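From first to last, the protein sequence lines stand for chains A and B.
For the first sequence, the residue numbers in my numbering are 1 to 299.
For the second sequence, the residue numbers in my numbering are 300 to 638.
Ideal Cβ placement from N, Cα and C applies to all residues, glycine included.
Quick caveat: nothing in here was measured; it's all calculated off a predicted structure.
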Amino acid sequence: MAMAIPQRVPWYIAPLRLLRGIFQVRQFPGVAMAILVFLLVIPGIFAEWIAPHDPIKGSLALRLKPPMWEKGGSITYPLGTDKVGRDVLSRIIYGARVSLRVSIEGIIVSGFIGTALGLISGYFGGRVDALIMRLVDISLGLPIILVALVFVAALGPSFSTVIAVITILLWARYARQVRGEVLSIKERDFIARARVAGASHFRIMFRYLLPNVVNTLIVLATLQVGFVIIFESSLSFLGAGIPRPTPAWGLMVADGRELIVTAWWISMFPGIAIMLTVLSFNLVGDWLRDHLDPKLKNI
Amino acid sequence: MTRHIGDVILEVEDLHTYFFTRLGVVKAVDGVSFSLRQGETLGIVGESGCGKTMTALSLLRLVPRPGARIVQGKILLQGENLLDKSENEMRQVRGRRISMILQDPQTSLNPVFTIGNQLIEALKIHHYSHARELVQRAIGALKQVRVAAPERRVDDYPHQMSGGMKQRVVGAIAMSCEPHVIIADEPTTSLDVTIQAQYLRLLREIQEETGLSIIFITHDFGIVAKMCDRVMVMYAGRAVETGSVRDIFNHPSHPYTQALLDSVPKLEERTARLYSIEGQPPLLWNLPAGCRFASRCPYTEARCETEYPPSFSVLEGHTADCWRLQGEWQTHQSSVSKT
């Protein structure tokens, strides 16, 4: 009779399990949520109380200090200082505010416009549809960096300009996605039943079609968050985004670019912040999508 | 099983619904007249594409747009002509006075809401208020269609129910606003036979309880025999024969009706091969001048090819459009206009 031999679990299994936990989509993405809360939400809201130093004023005497665990680093500047002596950690904390605002406002504004136009386009069809879809084509064909520069030249670099540019770029994706879904959903019998029951067009669009595209919208929005944060960074990099010296993650990556060999921490830490935020948003989005689907709820 | 059949509630006169397409004018419904009494079930029978569903959608003024249009006719619901109403007034009619049960229960329910939610939604469209009352009404509606444990079932999603159960919920939604007329467009086609029988029995019971009038669209003469009081047989956009179920089964007078009845399998006869009607129905955008069934009819004469027959009265309340009836019975006076 074969005896069960108690097997030693190799040392590397535990971290692998943890990793699997992080990437397991169907489970509650606790780690991803925690990253978002501790990296984006709390710093974004409470930056003044959390940040150890002023994010804008630095001292040239303390410039280019490495992170605390490197030789020459100190606990006062845990993630080092940049080329004008500002604390990288404090700037990341304040930068979370910019990323949070840009992503939330940009996504809400563009999502609202795009979804409304997509619903109208898909539901009514015909000439309205043709018109809106041509606008979508134009919007998707715009050289967006150029448009951004034109906007900045006309309106000056500001937060609202960034939101406007993001909206011009993003609404079309929502509109196109929503329209596609609506085209298939509106052929199903429950829409016909709603019409037979005397529901108005408005009611059908918002009470019958919209709830059926919400899942897609959430997934799209969470994927767009990453895009928005990166896009805001590119705009900032070009000087068309958030005006300096406001700390924005993209701006920080851009500023550290020329010193990447000697002072890697200046761009590396904001870069990691961007990556973790975007990744976490995607994981949360996947989980939400599964969770919101009533078919998968009780499994 | 006694049912009280009351006054005429719905009267359709000379209804024409055309599609305007590149190929020309498609005459989907071309001069259909019928009436429906309170508590009565009218069966509309015919093969695919003969205009059954278009007739039903015309009653609700929900013909596919752009493309289709109700060109001519009158739809009198309790004396009011629905074709004179504005779109807003029509919305008050839909669901509340005339309701409809669609063919496929699998897609008739919104997958993202619970069925309780959808029942309440149907009530909300017609401004029934008071949240608590709404839930009670929803549960009552489920009880009416014999859903077991309705208090628990209201929180279920459509995917947690079987096809037959879903169709009953669809029925509950259709009946929740207490309409006078329900149009059932092949409601049992996608259900299996035992569930079908159950569902039909349920519809009859509800009809006895509420005095509802039903327009039952089907292509199954078995269901007609079980469900209907009167039958209208449609062919290529026209009602070719109308009469009580008994008359139609005992004296089918139009050759098309006869052919349809011959192609129903019968228990008492052993047939090696089931009868089928030769040929195809005419193209609706290129209709013949004469009788539309002429090309497939075994009794075609010269006149059939050139002139559409008027309605001849066969018996009291039983009419058929066929020239063969002219000599045998007197011409029905209120004849339908010729095309």
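Could you give the C-beta distance for residue i and residue j, rounded to a whole number, given that I count them as a contact under 8 angstroms?
i              : j              : result
A421 (chain B) : A192 (chain A) : About 14 angstroms separates the two Cβ atoms, so there is no contact after all.
G85 (chain A)  : L60 (chain A)  : 5 angstroms
L276 (chain A) : L39 (chain A)  : 6 angstroms
G126 (chain A) : P365 (chain B) : 7 angstroms
V307 (chain B) : I374 (chain B) : Not a contact, Cβ separation roughly 13 angstroms.
G72 (chain A)  : P66 (chain A)  : 5 angstroms
L511 (chain B) : V325 (chain B) : Not quite, the Cβ-Cβ distance comes to about 33 angstroms (not below 8 angstroms), so this is no contact.
R368 (chain B) : Y317 (chain B) : 6 angstroms
Whole angstroms is fine: what's the gap from residue i's alpha carbon to residue j's?
i              : j              : result
P52 (chain A)  : G156 (chain A) : 32 angstroms
Q632 (chain B) : F592 (chain B) : Below a pLDDT of 50, predicted positions are generally treated as unreliable, and Q632 (chain B), at 43, falls in that range; the measurement from the model is reported next regardless. If I take the Cα positions, the gap works out to 23 angstroms.
M474 (chain B) : L490 (chain B) : 20 angstroms
K442 (chain B) : P449 (chain B) : 6 angstroms
G44 (chain A)  : I274 (chain A) : 14 angstroms
S267 (chain A) : L142 (chain A) : 30 angstroms
R91 (chain A)  : A148 (chain A) : 25 angstroms
G122 (chain A) : G114 (chain A) : 12 angstroms
Q177 (chain A) : A221 (chain A) : 11 angstroms
A619 (chain B) : V331 (chain B) : 13 angstroms
S552 (chain B) : F124 (chain A) : 46 angstroms
E386 (chain B) : I50 (chain A)  : 60 angstroms
P564 (chain B) : K525 (chain B) : 16 angstroms
A254 (chain A) : R244 (chain A) : 12 angstroms
Q435 (chain B) : K384 (chain B) : 33 angstroms
G111 (chain A) : Y174 (chain A) : 6 angstroms
S280 (chain A) : D290 (chain A) : 16 angstroms
M68 (chain A)  : V261 (chain A) : 18 angstroms
E339 (chain B) : T509 (chain B) : 11 angstroms
I424 (chain B) : Q417 (chain B) : 11 angstroms
E48 (chain A)  : P55 (chain A)  : 10 angstroms
S347 (chain B) : P580 (chain B) : 10 angstroms
A187 (chain A) : G394 (chain B) : The sequence shown places Glu at residue 187 (chain A), rather than the Ala named in the question. If I take the Cα positions, the gap works out to 19 angstroms.
T413 (chain B) : E258 (chain A) : 58 angstroms
L251 (chain A) : I218 (chain A) : 28 angstroms
Q337 (chain B) : W287 (chain A) : 53 angstroms
V453 (chain B) : I42 (chain A)  : 40 angstroms
N282 (chain A) : R101 (chain A) : 18 angstroms
G345 (chain B) : S139 (chain A) : 50 angstroms
Taking all protein chains shown into account, do 16 or more other C-beta atoms lie within 10 angstroms of the C-beta of residue i, making it buried, or fewer, making it exposed?
i              : result
H617 (chain B) : buried
L322 (chain B) : exposed
Y534 (chain B) : buried
N585 (chain B) : exposed
Q557 (chain B) : buried
P270 (chain A) : buried
S160 (chain A) : exposed
Y208 (chain A) : buried
T320 (chain B) : exposed
E232 (chain A) : buried
L146 (chain A) : exposed
N252 (chain B) : Here chain B covers residues 300 to 638 and nothing more, so residue 252 (chain B) does not appear.
P244 (chain B) : Residue 244 (chain B) falls outside the range modelled here, since chain B spans only 300 to 638, and no answer is possible.
T630 (chain B) : For T630 (chain B), the predicted structure reports a pLDDT of 46, less than 50, and the residue's modelled location is therefore unreliable. The matter cannot be settled from this model.
I513 (chain B) : buried
A571 (chain B) : exposed
G415 (chain B) : buried
Which residues in the same chain have their Cβ closer than 7 angstroms to the Cβ of residue i, if we skip the five residues on either side of it in sequence?
i              : result
D329 (chain B) : H315, G536, R537, T638
T605 (chain B) : A588, G589
I13 (chain A)  : none
L573 (chain B) : S562, P564
E105 (chain A) : I163
A240 (chain A) : A148, L149, V152, P157
S103 (chain A) : V225, V228, I229
M265 (chain A) : Just to set this straight, residue 265 (chain A) is Trp in the shown sequence, not Met. Taken in chain order, the residues that qualify are P66, P67, L79, G80, V88.
Examine chain C for any beta-carbon lying closer than 7 angstroms to the beta-carbon of residue i, and answer yes or no.
i             : result
D54 (chain A) : This model lacks chain C altogether, as its protein chains are A and B.
Leaving aside the five residues before and after residue i along the sequence, list all residues of the same chain whose C-beta is less than 6 angstroms from its C-beta, in chain order.
i              : result
P404 (chain B) : G462, K465, Q466, V469
A248 (chain A) : G95, V98, S236, I242
G342 (chain B) : F515, V523, C527, V530
D313 (chain B) : G330, S332, G372
I494 (chain B) : G463
V58 (chain A)  : Residue 58 (chain A) is actually Gly in this sequence, not Val. V84, G85, R86.
V539 (chain B) : V532, H553, Y555, D620
So, at 8 angstroms on beta carbons, what are the nonlocal neighbours of residue i in its own chain, with the 5 sequence-adjacent residues on each side left out?
i              : result
S636 (chain B) : At S636 (chain B), the pLDDT of 41 sits below 50, so the modelled position is not reliable and the matter cannot be decided from this model.
Inset, instruction - Report yes or no: do the stretch 226-233 of chain A and the stretch 165-184 of chain A share at least 3 C-beta pairs separated by less than 8 angstroms? - result: yes
Legend entry - Three or more C-beta pairs below 8 angstroms linking the stretch 476-496 of chain B and the stretch 391-403 of chain B: yes
Inset, instruction - Count the CB pairs spanning the stretch 365-384 of chain B and the stretch 459-478 of chain B that are closer than 8 angstroms, and state whether there are at least three. - result: no
Inset, instruction - Would you be able to state if there are at least three C-beta pairs under 8 angstroms between the stretch 344-351 of chain B and the stretch 513-531 of chain B? - result: yes
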